[in-house]
Amino acid sequence: MAKRKCLECGAEVMGRADKKFCNDYCRNAYNNKFNKDSKNLVRNINNRLRKNYRVLDSFKLTDGKTKTTKTRLMDKGFDFEYITNLYTTKKGTTYFFVYDLGYLPLDNDFYMIVKRE
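Residue numbers for the sequence shown, in the working numbering: 4 to 120.
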């Protein structure tokens, strides 16, 4: 039977037949390299979405909604370019969502923030 080699460092692997790494350090190092966002674009977009979510989540909701201004959102660092999905009601109103938190543009630069249940 052929000797198994660690996928990270190449050392001989002892133990279970399906073991791929010689120790936890090599397993973590290999997986960190393998799972690292290969493009900065993906990481940057995920960071923007996370930031937008935190901004929306910072508003206290009453009965699943609240109102704020565009200025307050922007002051907290909200970026209107980054959303995860749109929801259009039967009446044609379009909500912009970042995961389960969304916003609806209202008149005079006001926004309604909502949470989808």
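Glycine residues also receive a C-beta, built at the ideal position from the N, C-alpha and C atoms.
- Within the model, the alpha-carbon separation for Tyr98 versus Asn26 is close to 49 Å.
- Just so you know, the alpha carbons of Lys94 and Lys79 end up roughly 31 Å apart.
- Cβ contact annotation for Arg7 (same chain, cutoff 6 Å, sequence separation greater than five): Val16, in chain order.
- Judged by DSSP in its simplified three-state form, Ile48 adopts helix.
- Lys73 sits in a helix when the DSSP states are folded into three classes.
- Beta-bridge partners of Phe113 (DSSP): Thr72.
- Within 10 angstroms of the beta-carbon of Glu84 lie fewer than 16 other beta-carbons, which makes it exposed.
- Taking all protein chains in view, the Cβ of Leu64 is surrounded by fewer than 16 other Cβ atoms within 10 Å, so the residue is classified as exposed.
- Around the CB of Val58, 16 or more other CB atoms lie within 10 Å, so the residue is classed as buried.
- Taking all protein chains in view, the Cβ of Asn55 is crowded by 16 or more other Cβ atoms within 10 Å, so the residue is classified as buried.
- Bounds of the beta strand (DSSP E) holding Asn88 are 88 to 91.
- Bounds of any alpha helix (DSSP H) do not take in Tyr98; it lies within the beta strand (DSSP E) bounded by 97 to 101.
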